[in-house]
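Chains A and B supply the protein sequences, listed in that same order. Position 173 (the first sequence) corresponds to 173 in the numbering used here; numbering is contiguous. One rule links them: number in the numbering used here = place in the second sequence (from 1) + 779. Here a beta-carbon is modelled for each residue, glycine too, at the ideal position from N, C-alpha and C. Since the structure comes first, as structure tokens, the remarks are kept for the end.
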Amino acid sequence: MISKALWRFFIATPWSTAMTIFGLALGVASIVSVHLISRTVADQLDKLVAYELSGYSYFLHRDKLLAKDYFEFRQHWRNGRYPGIEAMAPFVDERTLVDNVPVRILGVDLLLQSSRQEISTQNLADEERRSSTLLEEVWVDESLREKYSHRLAGVIEAPQGTIVSDIGVAQELLGWQQDRLSYIGVRYRDPTKAIKDLAEHLLPGISAGMPVFKPPQIVGWQVKSLADQHPANQFGKSVLFNVSALGMLALLVAWFLIYQVAVAWLRRLWPVFQRLHVLGVEHTVLRNRFLVMMMGFGMVSGVSGLFLGQFLAEQIYTIVVPQAPPSLPIDFWVVIKSLGTSWLVCSIGGWWAYVQNTRSNDGLSRTTYILFGMIGMAVFFFGVLVEASGLVGAFVSIGVLSLFAASSVSPLLHTLRRQARRIRGSWLVRLGLREVIWFPRDLAVALAGLSLAVATAIGVGLMVDSFRGDFDRMLERRLAYDWSVVGTAPDLLKFKAAVEGASQLQRIQTYAKNQMRIQGIPLEVNVTRLDRYEARRYGISRSLQANEVLVGEQAARLLHLQIGDQLNLASNAYIVAGIFASFGDLLPRVVVQEIVGDANTVAVSMPDTINFNLVQSNSDDAAAWVEGLRVEFPYLEIHSQQSTRKMALETFDRTFAITSVLIAIAIMVAGIGLYIAITALRLNQTVSAKLLSTMGVNRWENLGVDLARGFGIGLCAILIALPLGWGLGWILCHVVNPRAFGWTVTMQLSPWPILGPVMWGLWFVKGRSAGGRCCWRLN
Amino acid sequence: MIRITNLAKGFTDGNQSIDVLRDVSVEVPSGSSLAITGSSGSGKSTLLNVMAGIIESDSGEVELTAAGQKYNLHQLNESQRTKFRRQHIGYVHQFYNLIPTLTVLENVLLPAELNKRKDLFQHGARLLEDFGLADKFDKFPRILSGGEQQRVAVARALLLKPAVILADEPTGNLDQANTQLVADLLFAMAKDFKVSLVVATHSEDVAARAGHRLHLGEV
Ligand SMILES: Nc1ncnc2c1ncn2[C@@H]1O[C@H](COP(=O)(O)OP(=O)(O)OP(=O)(O)O)[C@@H](O)[C@H]1O
Ligand SMILES: [Mg+2]
Chain A
1 MISKALWRFF
11 IATPWSTAMT
21 IFGLALGVAS
31 IVSVHLISRT
41 VADQLDKLVA
51 YELSGYSYFL
61 HRDKLLAKDY
71 FEFRQHWRNG
81 RYPGIEAMAP
91 FVDERTLVDN
101 VPVRILGVDL
111 LLQSSRQEIS
121 TQNLADEERR
131 SSTLLEEVWV
141 DESLREKYSH
151 RLAGVIEAPQ
161 GTIVSDIGVA
171 QELLGWQQDR
181 LSYIGVRYRD
191 PTKAIKDLAE
201 HLLPGISAGM
211 PVFKPPQIVG
221 WQVKSLADQH
231 PANQFGKSVL
241 FNVSALGMLA
251 LLVAWFLIYQ
261 VAVAWLRRLW
271 PVFQRLHVLG
281 VEHTVLRNRF
291 LVMMMGFGMV
301 SGVSGLFLGQ
311 FLAEQIYTIV
321 VPQAPPSLPI
331 DFWVVIKSLG
341 TSWLVCSIGG
351 WWAYVQNTRS
361 NDGLSRTTYI
371 LFGMIGMAVF
381 FFGVLVEASG
391 LVGAFVSIGV
401 LSLFAASSVS
411 PLLHTLRRQA
421 RRIRGSWLVR
431 LGLREVIWFP
441 RDLAVALAGL
451 SLAVATAIGV
461 GLMVDSFRGD
471 FDRMLERRLA
481 YDWSVVGTAP
491 DLLKFKAAVE
501 GASQLQRIQT
511 YAKNQMRIQG
521 IPLEVNVTRL
531 DRYEARRYGI
541 SRSLQANEVL
551 VGEQAARLLH
561 LQIGDQLNLA
571 SNAYIVAGIF
581 ASFGDLLPRV
591 VVQEIVGDAN
601 TVAVSMPDTI
611 NFNLVQSNSD
621 DAAAWVEGLR
631 VEFPYLEIHS
641 QQSTRKMALE
651 TFDRTFAITS
661 VLIAIAIMVA
671 GIGLYIAITA
681 LRLNQTVSAK
691 LLSTMGVNRW
701 ENLGVDLARG
711 FGIGLCAILI
721 ALPLGWGLGW
731 ILCHVVNPRA
741 FGWTVTMQLS
751 PWPILGPVMW
761 GLWFVKGRSA
771 GGRCCWRLN
Chain B
780 MIRITNLAKG
790 FTDGNQSIDV
800 LRDVSVEVPS
810 GSSLAITGSS
820 GSGKSTLLNV
830 MAGIIESDSG
840 EVELTAAGQK
850 YNLHQLNESQ
860 RTKFRRQHIG
870 YVHQFYNLIP
880 TLTVLENVLL
890 PAELNKRKDL
900 FQHGARLLED
910 FGLADKFDKF
920 PRILSGGEQQ
930 RVAVARALLL
940 KPAVILADEP
950 TGNLDQANTQ
960 LVADLLFAMA
970 KDFKVSLVVA
980 THSEDVAARA
990 GHRLHLGEV
């Protein structure tokens, strides 16, 4: 009987039934598409790291590394001296010239199961070929295919001039003796890996912000991390992390939407329920029926939302990144995340909405509110102020702040409603604005969702904008020189001697790097000539004294240093002359003046990088000259900083294009939630509409009322979103980023990140309320 | 003055069509009143809606004289009819007469605002006082009793001193005393202001007060 009544109701109101299913599907779709897009971005950033090395996170270097050193190290490991290490492998990784073409030769131990799999999953389909002959063959990138056709094992996707082979082959190609190696790759057992993996599955990118595993020092070896060799990747991770934070927002907003749909749906059904209740059907029975119905809807719309989301993600991705048409397969985690959570929200939200509807008083008592408020405040300040609470603390604070803002919508509406008669102005404005606050229960959830979406858009926008400013400054500092040369100290010294005095050369700068521990904290000490030009990169406009030191933000924080303080490095006393932003440096860093001929342990060290500028850096002449150097010094890696800059900017822009798309999705979903709320609201308004019509109110005036109402809704949302957005931006810049990446983003309050989302929000509201106008007309 | 000649109106619902009004003719001189009676579904509300220009008749004519000018409703388009209704018609429904988000005074003054007649604001307040609602100016309708709400609606309909007041069962859900009160107000004021009053009603008492009477039979 009840089912029959409900079924008839669906049939009689096909439009609102369809709207409900559509709303649910949209919530699921937005979860799916945001997830798929972030996952793709995460994967792509991972690909920046050479895949052959991806299994190993740290690399042990020492001068003249021989096979026996490796075996000795491995023996110690097997004897249990390095319990943290999970796996290790020797590598040959060198640059050289083959027939005057610069190539990178990477030798891996093919007899090790793991390294063989790394390559074979990339390209080798036929199992048979994985025979002993592989130990003689090479994998090359497309550009070298011809040259090595006689011993080709396969073509791999790699930068131009890459040769991958067994160690023996690599040594042979390099003309090395049989026992020489470049470095040892090690993989540490990371106790947090399982948690990180799970988090990464659920929110792609999130693990980028989790604390990096710091390996113990190993005596006699120089430990380099993978990220050390790929700083751009680290920066990308930071971006990615923000994408994941956005994914969280989209998830939240989608949940809001689903809940909103449940509320709106219940509102429509309520008269039917009430009549049945009057006829003697218990509320529990009705509620269960309602929940089963919501679950059924959730199933239908969930599955369609899954595919809609996939379609949406692919479309968006192709628009933002046209060159790479991706296929974004749905995996287990997406299904769990979208279907699982939306079912949960459907059932719990539906249950909650029902309970709310049968209860006469609104919400919690005042004391409970105050109690919750106090607890929330304590948690918030703990998370923001206590650095030891880490990223979890920061995100809990963000959560508390958002929750606070969202839960303040309903009281805000109630308060405004009590002040309703204070709203003055023309009847049109009064009517429109007052209707916004007249039905707090119907609108509160939708408004909260919209406020959250707009606020996060503002917060992330502020953060991204500030980030972009920092990014520019970072590029300026890191890429202050046109060219950069990396290699071993003797090669670099030879290089320096050869080019110094050349007419093309404008400026040359040598850098050396040392690692040491100060107060137990590992520190990277850079030694270079800090004249005016170089010091400017760190924000100091004078050359430095021999006893002055520049300290990175991270180091300053860890060592509690301020400008003018004293810092002792290897029995030398230095005065802190400046503190510079870290921009994602891996280790805390200090920079000291190079003192030629001084014997103290800090200042004398072997160079590991040389930067230089040319007189006419963009001319063909300069390019030819550099090309000549490449041929002359095949063991050195000479790269153009300009191309690095270009690549970095491209990655950045692409990622942020995706960011804005994600924001747009969140706001759109929130807008639709609001639309559903407004249509539900319209049930309350048919009476006024009819009255106004009999009084001779025309179509345009009706539209005016709609606009005023839209404006009012937008105003309410912005009233909450503006301060919340600013707060979120502040936490992201000043709490999350320093904790995750060790550098404070300088927050810039530019109008665009604020105006953009606000306009978006208003546009949606306006579009929604005007779009629904037809329902207003009298029948 | 209202003159209706040979008016007909039917509705189609799906493939079914019903003639609600057929060949209705009536004339009400200015300042006098008409009671429309008839059983439920006989088309009383429909007729009022046609007279207000809310719905169009199928055939026949509706002529109204307002402010010395003659209006032929079937010759006006929708926006002209809307304008006409705004200026010259006062309407009282059986219930839900008031806009919930406007205060009592704002509800009464709404027609003045719509016609940009600020000069009537004083008049509106006085009407409310006369109707015994002086202490309710600033209240929202939801706290008013049914009788009070109807009085507010009558005050609003009278505010502009329109040519015609259409009242659709204005006392339909009121008790004896309130029915008396509201009917008194309606008829007395209509007379004072020289307004033509058309009342659709089931109440014999109310109908008896009207100068003219139109009985709609079942079709
Ligand atoms: N928009 C419409 N579409 C279809 N039929 C309608 C419409 N409006 C009214 N009717 C039909 O016209 C007939 C007359 O309706 P009306 O409301 O005028 O009656 P009434 O005399 O006012 O009745 P009551 O005394 O119950 O108010 C009814 O049968 C009704 O179903
Ligand atoms: Mg009627």
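{"query": "May I ask you to check if the CB of Lys690(A) is nearer than 8 Å to at least one heavy atom of ligand 2?", "result": "no"}
{"query": "What beta strand (DSSP E) runs, 3 residues minimum, are completely inside the segment 456–503 of chain A?", "result": "483–486"}
{"query": "Thr880(B) touches chain A at which residues, Cβ-Cβ below 8 Å?", "result": "Ala420, Arg430, Leu431, Arg434, Glu435, Trp438, Ser688"}
{"query": "Suppose contacts are defined by Cβ-Cβ distances below 9 Å. Is Thr880(B) in contact with Glu435(A) by that definition?", "result": "yes"}
{"query": "Would you kindly check if the distance between the Cβ of Arg39(A) and the Cβ of Gly390(A) is under 9 Å?", "result": "no"}
{"query": "If you draw a straight line from the alpha carbon of Phe783(A) to that of Gly309(A), how long is it in whole angstroms?", "result": "This structure gives no information on residue 783(A), because the portion of chain A shown stretches from 1 to 779."}
{"query": "Should Phe874(B) be listed as close to ligand 1, given that the test is whether its C-beta is under 8 Å from any heavy atom?", "result": "no"}
{"query": "Closer than 7 Å between the C-beta and any heavy atom of ligand 2: which residues qualify, listed along the chain?", "result": "Lys823(B), Ser824(B), Asp947(B), Glu948(B), Ala979(B)"}
{"query": "At what residues does the alpha helix (DSSP H) containing Ala153(A) begin and finish?", "result": "Where Ala153(A) is concerned, there is no enclosing alpha helix (DSSP H), although the beta strand (DSSP E) it sits in stretches over 152–155."}
{"query": "Find the nearest neighbour of Leu674(A) within the set Leu403(A), Leu443(A), Leu26(A), Phe382(A), judged by alpha-carbon distance.", "result": "Leu443(A)"}
{"query": "Of all the CB atoms in chain B, is at least one closer than 9 Å to the CB of Thr694(A)?", "result": "yes"}
{"query": "Within 10 angstroms of the Cβ of Asn825(B), are there 16 or more other Cβ atoms? Answer buried if so, exposed if not.", "result": "Looking at the sequence itself, residue 825(B) is Thr, so the reference to Asn does not match. Per the 10 Å Cβ criterion, buried."}
{"query": "So the candidates are Gly712(A), Val661(A), Val551(A), Val101(A); which of them puts its Cα closest to the Cα of Ser780(A)?", "result": "Outside the shown range of chain A, which is 1 to 779, sits residue 780(A), and nothing can be said about it."}
{"query": "Exposed or buried, what is Ser821(B) when buried is set at 16 or more other beta-carbons lying within 10 Å of its beta-carbon?", "result": "buried"}
{"query": "Verify the CB distance criterion: does Asp971(B) have a CB-CB separation below 9 Å to chain A?", "result": "no"}
{"query": "Could you compute how far the alpha carbon of Gln519(A) sits from the alpha carbon of Asn568(A)?", "result": "10 Å"}
{"query": "Spell out the partners DSSP gives Asn572(A) in its beta bridges.", "result": "Leu569(A)"}
{"query": "Taking one C-beta from the segment 951–959 of chain B and one from the segment 924–931 of chain B each time, how about it: are there three or more such pairs within less than 8 Å?", "result": "yes"}
{"query": "If the criterion is Cβ atoms closer than 9 Å, does the pair Tyr70(A) and Pro90(A) meet it?", "result": "yes"}
{"query": "Residues of chain A with CB under 9 Å from Tyr1041(B), in chain order?", "result": "With chain B running from 780 to 998 in the structure shown, residue 1041(B) is simply not present."}
{"query": "Starting from Ser438(A), follow the beta strand (DSSP E) in both directions and report where the run begins and ends.", "result": "The amino acid at residue 438(A) is misidentified as Ser; the sequence shows Trp. Looking at the DSSP string, Trp438(A) is not in any beta strand (DSSP E); the run it does join, the alpha helix (DSSP H), is 427–438."}
{"query": "Evaluate Ser582(A) with the Cβ neighbour count: other Cβ atoms within 10 Å of its Cβ, from every protein chain shown; 16 or more gives buried, anything less gives exposed.", "result": "buried"}
{"query": "Flag Arg699(A) as yes if its beta-carbon sits less than 9 Å from any beta-carbon of chain B, otherwise no.", "result": "yes"}
{"query": "For Glu534(A) versus Ala577(A), is the C-beta distance shorter than 9 Å?", "result": "no"}
{"query": "Rounded to whole angstroms, what is the Cα-Cα separation between Tyr317(A) and Val34(A)?", "result": "10 Å"}
{"query": "What are the boundary residues of the beta strand (DSSP E) that includes Lys337(A)?", "result": "No beta strand (DSSP E) holds Lys337(A); DSSP gives it neither H nor E."}
{"query": "What residues in the segment 918–950 of chain B have a beta carbon less than 7 Å from any beta carbon of chain A?", "result": "none"}
{"query": "With a cut-off of 9 Å, does the C-beta of Arg8(A) fall near any C-beta of chain B?", "result": "no"}
{"query": "If we cut at 9 Å on Cβ distances, does Ser426(A) have a partner in chain B?", "result": "yes"}
{"query": "Since Ala405(A) is in the alpha helix (DSSP H), which residue starts that stretch and which ends it?", "result": "390–407"}
{"query": "Thr415(A) to Asp984(B), Cα distance in whole Å?", "result": "46 Å"}
{"query": "Is there at least one non-hydrogen atom of ligand 1 closer than 8 Å to the beta-carbon of Asp802(B)?", "result": "no"}
{"query": "Going by CA-CA distance only, name the one from Tyr875(B), Leu893(B), Pro808(B), Gly847(B) that's closest to Trp700(A).", "result": "Leu893(B)"}
{"query": "If you run the structure through DSSP and keep just helix, strand and coil, what is Ser838(B)?", "result": "strand"}
{"query": "Any beta carbon from chain A within less than 9 Å of Pro808(B)'s own beta carbon?", "result": "no"}
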